[in-house]
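Structure first, then comments.
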Amino acid sequence: MRTSDHVTAGVLDRYATGGTGIAADTLWAVEAHLENCASCRERLADAVAEQSPQTVALLAKVRANLAADVARSPRMPATWLPRRLARWAPPGLLARLAMTMLVLGAALGLDVVAKSQVLPPLVLLVAPVAPLLGVAAVWSAGLDPAHELVVASPRAGLSMVLQRTMAVLVVIIPALAVAGWLAGASPARWLLPCLAFTAGALALGELIGLRRAAAVLALTWTVGVIGPSVLVARSPVLLEPASLPYWAGLTAVIAVVLVLRRDVYTGLRSDTWFVR
Ligand SMILES: [Zn+2]
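Numbering of the sequence shown is given in the numbering used here, commencing with residue 32 and proceeding in unit increments.
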């Protein structure tokens, strides 16, 4: 029997009942043919159903057991994002972005209520660290159920981190622009600090993990700048137009460091709260 011929009905029937009485070379040829021929596999399924009730019963039992196991195993959470968009944003990111929007909304609300007072706009104070909540989620085992798979993929590394960070900025920066416009904080004052903090989190993340880096930077800014600015009711020097060249220089330096050390991201363990 040549492998290009279909398996004869007689051989198929014998194969379905355990292959007894089929010569070893024929058996080999049958199996090689079945691997490549869908119609013979279909005929085999019919032959098994007809000739071998115990195989049918065994298969049904295996299926029932497997179904129970599969039902118990963890699933990827469903995402409402189209597949193409989901590639840019891990599922955990959406909740983070929503939370950031709430914080911005609250800051804007306070700004609108306190418009007549001399306080610096809260939106302006919060803007530099606004992307950090989202950035912390772009490379995190805790927030991305598929993280193990992502890390093992050939595209893992800085380019993917940057791609996802871009997705965060595409949402946060327009939101900041609208909130800043309503609160009277020009993008010229917060845009560069915002980019510097984002790049800084990615660079520091190479050393201590992205979540930890984002937390450290956000906390430092809150304690060192937002708190004092609210207490003395003055805009911080760091967000005055005169500081912008320094922010630009800082962002450029961080970008160079990121590029030089890009290989570190490929092996970075994401969410560890321990220094590697
Ligand atoms: Zn065939």
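Positions of the beta carbon are idealized from the N, C-alpha and C atoms, including for glycine.
Check your understanding: For THR34, which three-state DSSP category applies?
Key -> Here residue 34 refers to the residue found at position 3 when the sequence shown is read from its first residue. Below a pLDDT of 50, predicted positions are generally treated as unreliable, and THR34, at 47, falls in that range; no measurement from the model is reported.
Check your understanding: First and last residue of the alpha helix (DSSP H) that includes ALA91?
Key -> Stepping through the sequence shown from its first residue, residue 91 is reached at position 60. Unbroken alpha helix (DSSP H) run through ALA91: 84–103.
**Study point:** Presumed contact (8 angstroms Cβ cut-off) between ASP175 and PRO121, rounded CB distance
**Key:** Locating residue 175 in the sequence shown gives position 144, counting from the first residue. Locating residue 121 in the sequence shown gives position 90, counting from the first residue. Contact flag correct, Cβ pair sits at about 4 angstroms.
Check your understanding: If you draw a straight line from the C-alpha of ALA40 to the C-alpha of PRO105, how long is it?
Key -> Reading the sequence shown from its first residue, position 9 is the one you call residue 40. Reading the sequence shown from its first residue, position 74 is the one you call residue 105. Cα to Cα, the separation comes out at about 43 angstroms.
Check your understanding: Under the three-state reduction of DSSP, which class applies to SER266: helix, strand or coil?
Key -> One-based indexing of the sequence shown puts residue 266 at position 235. Looking at SER266 - three-state DSSP - the assignment turns out to be coil, as it is neither helix nor strand.
Check your understanding: LEU323 and ARG220 look like a contact to me (Cβ under 8 angstroms); what is the Cβ gap, rounded to whole Å?
Key -> The question about residue 323 has no answer, for the chain in this structure spans 32 to 307.
Check your understanding: In whole angstroms, what separates the C-alpha of LEU180 from that of LEU248?
Key -> Looking up residue 180 in the sequence shown gives position 149. Looking up residue 248 in the sequence shown gives position 217. The straight-line gap from Cα to Cα measures roughly 28 angstroms.
**Study point:** Beta-carbon proximity of THR51 to GLN82, cut-off 8 angstroms
**Key:** Residue numbering aside, residue 51 sits at position 20 when the sequence shown is read from its first letter. Residue numbering aside, residue 82 sits at position 51 when the sequence shown is read from its first letter. No. Outside cutoff.
Point to revise | Buried/exposed call for GLY211, threshold 16 Cβ in 10 Å | key: As a working note, residue 211 is residue 180 in the sequence shown. So GLY211 ends up on the buried side.
Review point. Exposed or buried, what is TRP59 when buried is set at 16 or more other beta-carbons lying within 10 Å of its beta-carbon?
Key: As a working note, residue 59 is residue 28 in the sequence shown. Per the 10 Å Cβ criterion, exposed.
Review point. Does at least one heavy atom of ligand 1 sit under 7 angstroms from the Cβ of VAL42?
Key: As a first step, residue 42 is located in the sequence shown; it is residue number 11 there, counting from the start. No; taking the cut-off as 7 angstroms, the Cβ of VAL42 has no heavy atom of ligand 1 nearer than that.
Exercise for review: Check whether the Cβ atoms of ALA167 and ARG103 sit closer than 8 angstroms, and answer yes or no.
Suggested key: For the purposes of this step, residue 167 is taken as residue 136 along the sequence shown, with counting starting at 1. For the purposes of this step, residue 103 is taken as residue 72 along the sequence shown, with counting starting at 1. Contact: no.
Check your understanding: Do you know offhand how far ALA273's Cα is from LEU133's?
Key -> Within the sequence shown, numbered from 1, the residue matching residue 273 stands at position 242. Within the sequence shown, numbered from 1, the residue matching residue 133 stands at position 102. So the two alpha carbons sit approximately 30 angstroms from each other.
Practice item. Alpha carbon to alpha carbon, how far is LEU207 from ARG307? Give it in angstroms, no decimals. Key: Within the sequence shown, numbered from 1, the residue matching residue 307 stands at position 276. Within the sequence shown, numbered from 1, the residue matching residue 207 stands at position 176. Note that ARG307 scores a pLDDT of 35, beneath 50, so its modelled location is shaky and nothing firm can be said.
Review point. Is DSSP giving ALA120 helix, strand or coil here?
Key: Here residue 120 refers to the residue found at position 89 of the sequence shown. Coil at ALA120, not helix or strand.
Point to revise | Contacts around ARG74, its chain only, beta-carbon distance under 7 angstroms, and the 5 residues preceding and following it disregarded | key: Residue mapping note: residue 74 aligns to position 43 of the sequence shown, counting from 1. Hits under 7 angstroms: LEU43.
Practice item. With a floor of 4 residues, list each alpha helix (DSSP H) that falls wholly inside the segment 209–269, ordered by position along the chain. Key: 218–239, 241–252, 258–263
Review point. Okay, do the segment 158–166 and the segment 249–265 touch, 3+ Cβ pairs below 8 angstroms being the bar?
Key: yes
**Study point:** N- and C-terminal bounds of the alpha helix (DSSP H) containing VAL169
**Key:** Taking the first residue of the sequence shown as position 1, residue 169 is located at position 138. Run containing VAL169: none; DSSP gives neither H nor E here.
Practice item. Output the distance between the C-alpha atoms of VAL209 and VAL202, rounded to the nearest integer angstrom. Key: Start at 1 with the first residue of the sequence shown, and residue 209 comes out as number 178. Start at 1 with the first residue of the sequence shown, and residue 202 comes out as number 171. VAL209 and VAL202: Cα-Cα distance of roughly 11 angstroms.
Practice item. Would you check if the distance between the CB atom of LEU141 and the CB atom of VAL261 is smaller than 8 angstroms? Key: Stepping through the sequence shown from its first residue, residue 141 is reached at position 110. Stepping through the sequence shown from its first residue, residue 261 is reached at position 230. No.
Exercise for review: State the DSSP-derived secondary structure class of SER184, mapped to helix, strand or coil.
Suggested key: As a working note, residue 184 is residue 153 in the sequence shown. SER184 falls in the coil class under three-state DSSP.
Practice item. Out of VAL101, ALA264, SER184, LEU153, point me to the one whose CA is closest to SER217's CA. Key: Here residue 217 is taken as the residue at index 186 of the sequence shown, counted from 1. Of the candidates VAL101, ALA264, SER184, LEU153, the one whose C-alpha sits nearest the C-alpha of SER217 is LEU153.
Point to revise | Test item, CB below 7 angstroms from any non-hydrogen atom of ligand 1 | key: HIS37, VAL38, HIS64, CYS68, SER70, CYS71
Review point. Is ALA234 closer than 8 angstroms to LEU289 when the C-beta atoms are compared?
Key: If you number the sequence shown from 1, residue 289 lands on position 258. If you number the sequence shown from 1, residue 234 lands on position 203. The answer is yes: Cβ separation under 8 angstroms.
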